[in-house]
Structures are given as structure tokens and as C-alpha cells.
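Numbering (the UniProt record's numbering), first residue to last: 1 to 213.
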């Protein structure tokens with residue numbers, strides 16, 4: 001695992017914390033984020049970091065059009081530790097799509113991710129948002145709408161890990177969403193031991209599920 005070669009997808013990537021972790025471990029990263037300001041902020045941060053570290057790279061934001069209409073934006077950075085590695089194709093890649101996560105599979109290849117990790121909206125100070133339905137205070141609504149696409153993007157044998165606030169969604173309800181799209185939640189005592197208190201309104205838990213081979 002620590003030898004690199006994996007692709008990590010965060011379908012609710014915000015300003016890219018998970019993507020930065022993926023880069024640190026030598027993985028490729030893919031993110032999806034509906035908030036354009038967050039996408040722009042991450043693009044600016046990563047460009048600055050790459051320049052300061054003097055890593056050979058390319059980084060650009062391009063529009064994605066369908067039938068001459070702008071339907072998304074794509075930020076893509078390709079980097080290597082040396083110019084020779086870059087020329088040889090020994091690179092890492094980070095891609096961030098500015099679009100609704102429920103539409104992610106419209107822009108990404110089936111089975112493109114080895115691992116999916118996401119931190120679901122807590123439904124306290126903010127909710128989950130989709131273009132069609134606006135702001136929802138129920139993270140389960142977002143998960144139910146997005147899970148079929150996420151499952152399609154995960155390669156067979158891959159795994160998904162998601163954290164969420166148990167005050168707004170039970171573990172059983174969250175697990176059922178992924179069972180319904182053909183995934184297998186891991187429910188051993190070890191994997192049920194991640195729950196922890198954050199503050200008065202938030203108790204965070206983690207659900208891990210596998211996609212059958």
C-alpha cells in the first residue's frame with residue numbers, strides 16, 4: 001500500500017485535505033466538489049506549494065462542455081520529483097472536478113478509484129447540497145443519491161470509508177444505503193469501534209464497505 005500506485009477518490013473533497021494526504025503517500029488523487037470557491041482555493045494552494053517545492057509539474061483548470069454548454073470544470077495537476085521523472089512519465093496526478101457529486105460518474109471512468117474516502121456533511125451548521133434539490137439537512141439524502149455513482153467508480157475489490165454524524169443518521173441506515181448498491185459493509189467489532197465524540201451536536205463514526213470482486 002505504501003509503495004504508491006493507488007488512486008484515492010474523495011467525492012466530497014472540499015479544499016483537498018484528503019487529496020494532499022494521498023499525494024503524501026505517493027498515490028494519485030481525484031476529488032469532486034460542488035463549491036467552486038473551494039475548488040479555486042485548492043488549485044491556488046497546490047500551485048503555490050508545487051512552485052515552492054520546485055517540483056516539475058503542470059497544473060491547469062479547464063472547462064468541461066457538453067453540447068456547447070459548460071457543465072463542469074476540471075483542475076488537473078501532474079507532478080514529479082525531477083524533470084527526468086516527469087519526462088519518463090513517473091508522475092503523480094491530482095484531478096478535481098467542480099460538479100455535483102451525484103453526477104461524478106458522468107465525468108469519470110467506471111472503476112477509476114481503488115479507495116473512496118469521504119466526510120459527509122454533519123447537518124448541523126451546514127447541510128448537504130445538490131444542484132437539483134438545494135440544501136438538505138439530511139446527509140442520508142445525499143448519500144442515497146450519490147452511492148450508486150460512487151459504487152460504479154470504485155474498482156471491484158476496492159473499499160469505501162465514510163465518516164458522518166450519528167446524531168443525524170444511524171449506522172444501520174448508512175450501511176443499508178451501500179448494501180443497496182451492492183457493497184458489503186464490514187461490521188466486525190474492530191470496525192464498529194471508531195465512533196467518537198466531537199462536540200455537543202456531533203458524534204462521528206466511520207463506516208467501511210467493500211465492493212465485491
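All residues carry an ideal CB built from backbone N, CA and C; glycine is no exception.
Being a predicted model, the structure only gives us computed values, none of them experimental.
Taking a contact as a CB-CB distance under 8 Å, the pair residue 79 and residue 56 counts as one, their CB atoms being some 7 Å apart.
For residue 186 and residue 155, the gap between their C-alpha atoms comes out near 17 Å. Your pair residue 32 and residue 99 checks out as a contact, with CB atoms roughly 6 Å apart and the cut at 8 Å. Around the CB of residue 25, fewer than 16 other CB atoms lie within 10 Å, so the residue is classed as exposed. In this structure, DSSP gives residue 107 a state outside helix and strand, which the three-state scheme calls coil. Distance from the CA atom of residue 77 to the CA atom of residue 199, rounded to whole angstroms, is 36 Å. The secondary-structure analysis by DSSP pairs residue 200 with nothing; it has no beta-bridge partner.
Look at residue 190 here: in three-state DSSP terms it is helix. Between the alpha carbons of residue 204 and residue 196 lies a distance of about 5 Å.
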